[in-house]
Amino acid sequence: MNTSLFFFPRGGWNWPHLSLLLALPAYAWLAGRLGWQADLILTFGTLAGLAWLMLWERLRPARPDWQASAAELARDLGALGVNALVDAAAGLLIAGAALHWQAARAQPGLAQDLTPVLALPLAVALGELGPYWLHRAAHRLPWLWRFHALHHWPAALNASNSVLVHPVNLLWNKFARVAPWLLLGFSAEAMLWAALFIQLQSLAVHANLRGSLGPLNWLIGSAELHRWHHSVQAAEAHNYGTALPLWDQLFGSFVHRPGARPARVGWLAGAVRPRRAPYLGCC
1 MNTSLFFFPR GGWNWPHLSL LLALPAYAWL AGRLGWQADL ILTFGTLAGL
51 AWLMLWERLR PARPDWQASA AELARDLGAL GVNALVDAAA GLLIAGAALH
101 WQAARAQPGL AQDLTPVLAL PLAVALGELG PYWLHRAAHR LPWLWRFHAL
151 HHWPAALNAS NSVLVHPVNL LWNKFARVAP WLLLGFSAEA MLWAALFIQL
201 QSLAVHANLR GSLGPLNWLI GSAELHRWHH SVQAAEAHNY GTALPLWDQL
251 FGSFVHRPGA RPARVGWLAG AVRPRRAPYL GCC
């Protein structure tokens with residue numbers, strides 16, 4: 001093993017991404033001291049993470065031509081607003097279902113008494129499993145691609161367009177992620193911090209940032225890995241996991257080519273591209 005590449009990966013480290021993740025324990029401590037509620041923790045953490053990544057995209061972009069234009073920022077802000085409302089409505093439904101499930105359940109779930117050291121990584125891994133298979137299916141089944149296609153519309157990747165997701169796509173991911181958490185009885189705290197980690201990872205893997213996560217690419221999702229998913233070539237467009245590469249590694253869809261990147265990202269070659277970006281599934 002080349003130990004110099006372990007400590008100094010090709011292209012240097014992606015410090016904005018790493019520092020965002022390293023700040024999470026401090027953020028958890030501060031939010032606890034301030035007595036913040038879960039909704040505020042998620043909202044502020046997500047927006048602060050997005051602002052941090054977008055700042056560094058201006059300072060050290062991987063590709064200057066991938067910078068978001070004013071029109072693209074307005075489009076992405078609109079998508080963020082719509083999806084925030086959809087996510088909030090889905091959250092209310094899930095909260096109601098969770099209360100009903102807890103009242104009807106005769107005994108606590110298997111994960112309820114796990115320590116945070118075990119509960120958090122397990123919640124993240126299980127929270128990625130359902131969305132992984134749905135994501136993979138969306139690249140193969142036309143009726144699912146109809147909704148997922150919006151996310152592949154841009155011919156560039158940046159933190160801004162990471163939120164360009166069809167509301168139906170958002171809903172199936174949310175329910176697939178939360179269902180195993182509720183069924184297994186994860187604590188509210190474990191679900192909160194797993195959800196925030198997954199959300200921040202979703203922003204970071206799309207960010208137009210220079211550098212690499214080096215050997216950490218085998219453990220957590222990164223921009224270096226996720227760019228292959230957005231390749232226009234279907235044979236390269238794998239890496240369906242976002243927060244973790246675990247399920248891609250186990251199910252044979254992991255693509256890792258250190259120091260390389262796809263020639264083009266955007267709409268899959270061979271898929272019929274409409275004249276306008278699909279938004280309500282009309283593609």
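Under the UniProt record's numbering, think of the first position of the sequence shown as 1, with each following residue one higher.
All C-beta atoms, glycine included, are put in the ideal place defined by N, C-alpha and C.
Cross-strand partners of residue i (DSSP beta bridge)
| i | result |
| --- | --- |
| residue 61 | 209 |
| residue 13 | 212 |
| residue 265 | 231 |
Candidates the options, of which the one nearest residue i by Cα
| i | options | result |
| --- | --- | --- |
| residue 179 | 32, 250, 94 and 235 | 94 |
| residue 22 | 197, 161 and 214 | 197 |
| residue 57 | 159, 40 and 217 | 159 |
| residue 223 | 53, 31, 35 and 32 | 53 |
| residue 199 | 155, 163 and 78 | 163 |
| residue 177 | 241, 206, 153 and 117 | 241 |
| residue 87 | 127, 151, 165 and 214 | 165 |
| residue 43 | 27, 55 and 33 | 27 |
| residue 172 | 146, 195, 245 and 131 | 131 |
| residue 154 | 89, 96 and 71 | 71 |
Buried or exposed by the 16-neighbour rule on C-beta atoms within 10 Å, applied to residue i
| i | result |
| --- | --- |
| residue 193 | buried |
| residue 140 | exposed |
| residue 74 | exposed |
| residue 115 | exposed |
| residue 143 | exposed |
| residue 29 | exposed |
| residue 248 | buried |
| residue 218 | exposed |
| residue 282 | Note that residue 282 scores 45 on pLDDT, short of 50, meaning its location in the model is unreliable and no value can be drawn from it. |
| residue 4 | No answer about residue 4 holds up, because its pLDDT of 46 lies below 50 and its placement is not dependable. |
| residue 201 | buried |
| residue 76 | buried |
| residue 265 | buried |
| residue 117 | exposed |
| residue 12 | exposed |
| residue 31 | buried |
| residue 16 | buried |
Cβ pair count under 8 angstroms reaching 3, the segment 201–220 against the segment 62–76: The segment 201–220 makes contact with the segment 62–76, as at least three CB pairs between them are under 8 angstroms.
Sufficient close CB pairs (3 or more, under 8 angstroms) joining the segment 220–233 to the segment 252–264: Yes: at least three Cβ pairs fall under 8 angstroms.
Ordered list of alpha helix (DSSP H) runs contained in the segment 139–175, each at least 4 residues: Runs found: 142–148.
Inter-stretch contact (C-beta, 8 angstroms, three-pair minimum) for the segment 109–125 and the segment 181–191: Yes, they touch.
Alpha helix (DSSP H) runs wholly inside the segment 28–102, at least 4 long, in chain order: You should have 38–59.
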